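Asks: Under my numbering, the first residue of the sequence shown carries the number -17, and numbering increases by one thereafter.
C-beta: ideal position from N, C-alpha, C; glycine also.
Fair warning: this is a prediction, and the values are worked out from it, not measured in the lab.
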Amino acid sequence: MSVSGIVRRMDELGRIVIPKELRKTLRLREGDEMEIFPDGDGLYVRRHSGLCGFERAAEAAAKFLWRRTGCAVMVVAGGQIVAAAGDTLRSAAGRKLDKGFDAVLSSREKLVFKDLPFSPVEGMVGLKVGCAVTVPVTALGDVRGVIVALGNDAEKKSCEFELAAEMLGAVMEQ
-17 MSVSGIVRRM DELGRIVIPK ELRKTLRLRE GDEMEIFPDG DGLYVRRHSG LCGFERAAEA
43 AAKFLWRRTG CAVMVVAGGQ IVAAAGDTLR SAAGRKLDKG FDAVLSSREK LVFKDLPFSP
103 VEGMVGLKVG CAVTVPVTAL GDVRGVIVAL GNDAEKKSCE FELAAEMLGA VMEQ
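1. Kindly list the residues whose CB is nearer than 6 Å to the CB of residue 9, restricted to its own chain and excluding five residues on each side of it in sequence; keep chain order.
2. By the 10 Å Cβ neighbour count, where 16 or more other Cβ atoms means buried, how is residue 118 classified, buried or exposed?
3. To the nearest angstrom, how far is it from the Cα of residue 146 to the Cα of residue 21?
4. When you compare the CB positions of residue 125 and residue 90, do they come within less than 8 Å of one another, or not?
5. Quick check: what's the CA-CA separation for residue 46 versus residue 92?
6. Tell me the start and end of each unbroken beta strand (DSSP E) in the region 106 to 145 that is at least 3 residues and wholly inside, in chain order.
7. Output the residue ranges of the beta strand (DSSP E) runs that lie fully inside the region 8 to 91 and measure 3 residues or longer, sorted by chain position.
8. CB residue 29 to CB residue 16, shorter than 8 Å?
9. My output table needs one value for residue -4: the three-state DSSP class, helix, strand or coil.
10. Apart from the five residues just before and just after residue -8, which ones in its own chain have a Cβ nearer than 8 Å to its Cβ?
11. For residue 40 and residue 72, I'd like the C-alpha separation in whole angstroms.
12. Does DSSP put residue 153 in a helix, in a strand, or in coil?
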């Protein structure tokens, strides 16, 4: 790779291949949605956040769920934490998820993890998680994000996280 970047040819359909090294570094997977913006005489490409434009709603949902359930809550889209609430997650917003945890979030179903052996947030060493519940946020038939609840009571209160995920999805469809 030179100072000017990696050179790739565009095919007749306008496709450009993102090199494997960059896909691995940025944790891009097949099927990820990408946003493309004009930038002067070039292009800017980034992973599309399923909750783009709904950050305020995600923040409100995370804070409400934390106060109501006592569980730390993250709203995740595009491998990044869009909103976070709870004593253990104050500094998590805007951070990336741990690679192992990010890999399981593509599921379209609610998942429950007991005694996670690692922190779900990249770089947050020592974050102890008794139980983690993940609930997908779907809108127009696609998973747009995930609500992640962390805490010993997360599984008992999972119906509240499911309701919040449905409400966030409904707001996105409006």
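Replies: Judging by the given coordinates:
1. Excluding positions up to five away in sequence, the list reads 61.
2. Buried.
3. Roughly 37 Å between the two C-alpha positions.
4. Pairing residue 125 with residue 90 gives a Cβ-Cβ distance under 8 Å.
5. In this structure, the CA atom of residue 46 is about 20 Å from the CA atom of residue 92.
6. Taking only runs of at least 3 residues, the beta strand (DSSP E) segments lying wholly in the region 106 to 145 are 113 to 121, 124 to 132.
7. Fully contained in the region 8 to 91 are the following beta strand (DSSP E) runs of length 3 or more, in chain order: 16 to 21, 24 to 29, 54 to 59, 62 to 67.
8. Yes. Within cutoff.
9. Coil at residue -4, not helix or strand.
10. Taken in chain order, the residues that qualify are -2.
11. Across the structure, residue 40 and residue 72 are spaced so that their CA atoms are roughly 15 Å apart.
12. Assigned with DSSP and collapsed to three states, residue 153 falls in helix.
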